[in-house]
Amino acid sequence: SLSMVTRHWADYPADIMYNFYLWNLTNPYEMIYEGAMPRFQDHGPYAYRGYEQKENLTWSSDGKEVSYRNRRSWVFDAAASCATCTEKDIFIVPNVAYA
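Note that UniProt numbering has the sequence shown beginning at 1, numbered continuously upward.
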């Protein structure tokens, strides 16, 4: 049985907010086929709540060390995201390594 402190450490109740801003290439065909300069439009924030939970806690034989697997998950938060942001938005992002 885990102590209260260990349970709190293993399943920390805080969530972390992540805000992402993305740039969408709006003229890919003109850029590729006509040599036009790229035009970008920014979108965001796309807000995600991050959660972490430690799983498969295994204690060493002397009880001084613990190994575990850290499970992370993110959940889209539409209310904290921009009014037009959805998880189904599609972006065109150039591969700068290829350019």
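Virtual Cβ for every residue (Gly too), placed ideally from N, Cα, C. All of these numbers come straight from a predicted model, not from anything done at the bench.
Opposing strand residues paired with residue i [DSSP bridges]
| i | result |
| --- | --- |
| residue 10 | Its beta-bridge partners do not exist; DSSP assigns none. |
| residue 42 | 23 |
| residue 54 | 70 |
| residue 75 | 49 |
Residue i: CB within 8 Å of a non-hydrogen atom of the ligand HEM
| i | result |
| --- | --- |
| residue 7 | Of ligands this structure carries none, so the ligand HEM is not represented either. |
Where residue i falls: helix, strand or coil (DSSP)
| i | result |
| --- | --- |
| residue 87 | coil |
| residue 92 | coil |
| residue 47 | strand |
| residue 37 | coil |
| residue 18 | strand |
Nearest-angstrom beta carbon gap, residue j and residue i [assumed within contact, 8 Å]
| i | j | result |
| --- | --- | --- |
| residue 56 | residue 72 | Not quite, the Cβ-Cβ distance comes to about 14 Å (not below 8 Å), so this is no contact. |
| residue 25 | residue 93 | 7 Å |
| residue 22 | residue 91 | 6 Å |
Is it the case that the stretch 48 to 67 contacts the stretch 14 to 22, given that we only count it when at least three CB pairs across the two stretches are under 8 Å? yes
Would the stretch 4 to 15 count as touching the stretch 28 to 35 if we require 3 or more Cβ pairs under 8 Å? no
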